[in-house]
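So the sequence shown is numbered by full-length UniProt numbering: it starts at 1 and just counts up by one. Quick reminder that beta carbons are idealized off the backbone N, C-alpha and C, glycines included.
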Amino acid sequence: MSLLLPSMTGSRPRLQSPSVWPVDFDELLRFTLSDPLAQEFVNSSCNRFFEPNDEQPARVRIRRGAGGSWTVLPREWQQYFEAITDPEERERVLVQLSTGGQDLEKASGSLTDYLTSCRTLSLDRTCSDSPIVSFPPCDAQNVPEPCTAAQHRPRTIPRPDVEGKINIKNALQAGKSPKKDHEAHLSRSLAAPPLDLHVLAIDWSASQKSGAERLDEVLAKARLAPVKGSLTHEVCSLDAEGVADALRRWPPRQAESPDAPPPPPSSSLLVALHACGDLTPDAIKAFISVNQADAKAVFVGCCYNLQTPELFPLSNLIRDKFPPPTNSPPSMTRAHLRLTPQSPPTWHLSPASTAAWHASTLRLAFRARFEAELVAAVPQIGPPESHRIGRVSECKSWEAYRERAMRKMDTVYSGDELPELEFEGGPEGWNTAMFLLRVFWTLRSWLGPPLESLCILDRFAFLCEGLEACDGEEGWSQRRVEIVNLFEQATGSLRNMAIVVR
Numbered sequence: 001m002s003l004l005l006p007s008m009t010g011s012r013p014r015l016q017s018p019s020v021w022p023v024d025f026d027e028l029l030r031f032t033l034s035d036p037l038a039q040e041f042v043n044s045s046c047n048r049f050f051e052p053n054d055e056q057p058a059r060v061r062i063r064r065g066a067g068g069s070w071t072v073l074p075r076e077w078q079q080y081f082e083a084i085t086d087p088e089e090r091e092r093v094l095v096q097l098s099t100g101g102q103d104l105e106k107a108s109g110s111l112t113d114y115l116t117s118c119r120t121l122s123l124d125r126t127c128s129d130s131p132i133v134s135f136p137p138c139d140a141q142n143v144p145e146p147c148t149a150a151q152h153r154p155r156t157i158p159r160p161d162v163e164g165k166i167n168i169k170n171a172l173q174a175g176k177s178p179k180k181d182h183e184a185h186l187s188r189s190l191a192a193p194p195l196d197l198h199v200l201a202i203d204w205s206a207s208q209k210s211g212a213e214r215l216d217e218v219l220a221k222a223r224l225a226p227v228k229g230s231l232t233h234e235v236c237s238l239d240a241e242g243v244a245d246a247l248r249r250w251p252p253r254q255a256e257s258p259d260a261p262p263p264p265p266s267s268s269l270l271v272a273l274h275a276c277g278d279l280t281p282d283a284i285k286a287f288i289s290v291n292q293a294d295a296k297a298v299f300v301g302c303c304y305n306l307q308t309p310e311l312f313p314l315s316n317l318i319r320d321k322f323p324p325p326t327n328s329p330p331s332m333t334r335a336h337l338r339l340t341p342q343s344p345p346t347w348h349l350s351p352a353s354t355a356a357w358h359a360s361t362l363r364l365a366f367r368a369r370f371e372a373e374l375v376a377a378v379p380q381i382g383p384p385e386s387h388r389i390g391r392v393s394e395c396k397s398w399e400a401y402r403e404r405a406m407r408k409m410d411t412v413y414s415g416d417e418l419p420e421l422e423f424e425g426g427p428e429g430w431n432t433a434m435f436l437l438r439v440f441w442t443l444r445s446w447l448g449p450p451l452e453s454l455c456i457l458d459r460f461a462f463l464c465e466g467l468e469a470c471d472g473e474e475g476w477s478q479r480r481v482e483i484v485n486l487f488e489q490a491t492g493s494l495r496n497m498a499i500v501v502r
């Protein structure tokens, strides 16, 4: 959803004005961080979906008592979904839930209200040339129209009004994720015609840097290296201080002769494409602190689930909405952040995506079933939380999953110590349980889009506040901060939303 804003010529726009935002900001804060049902979903888990029954030998069943995941749903929701027994209707309902539930028949008002809140409080993800939100506001922002392959036409790429470009390669302080291919491709593309920029590509490790330089040598031998532009690789600490240092010295400035004065500073473009976890907030802090009047930036966050929870909120806009002494909203916990990668509207865009979703949710169900077996075996092996189970790859059968999970446990147990349990109701009971677990998972995952939207808007507001403080009263209109969708989610990463400084 974009916004049509009136001209604000002659008056200073205020970030606090409700008209600036494409969603109801106050309601977004309330719903994602304080709504009782939403918080129950946030703090629930698929691992608590099943339990062992009281029979001897025990069998696994849906956990319907206190603490069970299914009981997070209001009773009328449970009854609505439990009454659906036809396999084809079940599949249809799951697809309808993933798209927002507008087509659900005879659903309770509270269910449709919950899904409506999740949809309407989420930023629009339509690829468009028009920004979702802009500050200071444009005189007019058009409603985005989808960019389809049929509508796309080649266009001339103007050379940006910058000389140097800094590309922060993806890195994690925890996890050491390798850089992504598309980030390296971006660096080389911007150094090549028609842009011919002087690119500084920052890596977090020497091995990444040497690998990139070897590829540069291959391209040079093939006469594909930049001619007018350049590509320089560097290793530095990927935190606010390290990024700020790179901004201060790039692009390099050299006098034409030893006696000539140094040329005026050139403008730079900072790009953080799919910068994971804390790296995007750190890059924004660095950009603000350096305060280069002509600098531009593109920040595309990723892996919000790896962000330090205490970094929310960044903006005074959110802090000021809550009274002293804390000036802080309810916590955005790790559980909230873990939901941000979820995007139900993308789950059934193609047969391939539907198949992938079926496989991933089947693994969730297998893990929950194994958890129930751990609970049943407490007298022999101790409580489930005392055991660590490594990541188990996708399996098509329960037997294959269980065998791998047993091998992945931190302690090896015999079949007598950790016996396999049948599922209550046999194959039919399992099929029903799979449907209900997928319903629960979809409803819980719908909190992902509004939570991600809240993270993005907090970063956007923080950047606006920082630039406003740097520019002062006279310069506030010289730079514009926008949120834009760079590409369709179906064509690549789900993290398609960028914060842009023009």
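By the Cβ criterion, the stretch 232 to 243 is in contact with the stretch 203 to 211, since at least three pairs of Cβ atoms, one from each stretch, lie closer than 8 angstroms. Around the Cβ of N496, a 10 Å sphere holds 16 or more other Cβ atoms; the residue is buried. Here A469 is exposed, its C-beta having fewer than 16 other C-beta atoms within 10 Å. About 7 angstroms separates the CB atoms of L436 and I62; that is less than 8 angstroms, so the two are in contact. The criterion of a C-beta distance shorter than 7 angstroms is satisfied by F50 and V60. Rounded to whole angstroms, the separation of the alpha carbons of S386 and D103 is 44 angstroms.
The beta carbon of R502 lies closer than 6 angstroms to those of R480 in the same chain, with the five residues before and after it left out. When only Cα atoms are considered, T340 and L224 end up about 39 angstroms apart. S267: not part of any beta strand (DSSP E); DSSP gives it neither H nor E.
Per DSSP, the unbroken beta strand (DSSP E) holding H233 starts and ends at 230 to 235.
When only Cα atoms are considered, L231 and L247 end up about 15 angstroms apart. As computed with DSSP, M409 is found in a beta bridge with I389. Between F135 and L314, the C-beta spacing is not below 7 angstroms.
For secondary structure counted as the alpha helix (DSSP H) over 4 or more consecutive residues, the stretch 264 to 315 holds these complete runs in sequence order: 279 to 290. CA-to-CA, the gap between P87 and T432 works out to about 9 angstroms.
Taking each of L219, H198, R338 in turn and checking the Cα distance to L269, the smallest one comes out for H198. Residue nearest to P344 within the set P379, G109, S122 is S122 (criterion: CA-CA distance). Beyond the five residues adjoining it in sequence on each side, V298 comes within less than 6 angstroms, by CB distance, of V271, A498, V500 in the same chain, given in chain order. Under the DSSP definition of a beta bridge, E482 partners with S134, V500.
Under the three-state reduction of DSSP output, R63 falls in the coil class, being neither helix nor strand. CA-to-CA, the gap between V133 and N485 works out to about 11 angstroms. Excluding five sequence positions before and after P74, the CB atoms of its chain that fall closer than 7 angstroms to its own CB belong to S110, given in chain order. Annotated as distal: T85 and G101, with beta-carbon spacing of 7 angstroms or more. In this structure, DSSP gives E422 a state outside helix and strand, which the three-state scheme calls coil. Close CB contacts of D410 within its chain, under the 7 angstroms cut and outside five residues either way in sequence, are with H387, R388 (chain order).
For H348, the three-state secondary structure derived from DSSP is coil. With a 10 Å radius around the Cβ and a threshold of 16 neighbouring Cβ atoms, A191 comes out buried.
L349 and Q380 have their alpha carbons spaced roughly 46 angstroms apart. Distances from the CA of R334 to each of E310, E371, P36 were compared; the closest alpha carbon is that of E310.
Taking C-beta separations shorter than 7 angstroms and ignoring five residues to either side along the sequence, the partners of V42 in its chain run A335, H336, L339, L447, following chain order.
When C-alpha distances from P384 are compared across R391, E371, S393, the shortest belongs to E371.
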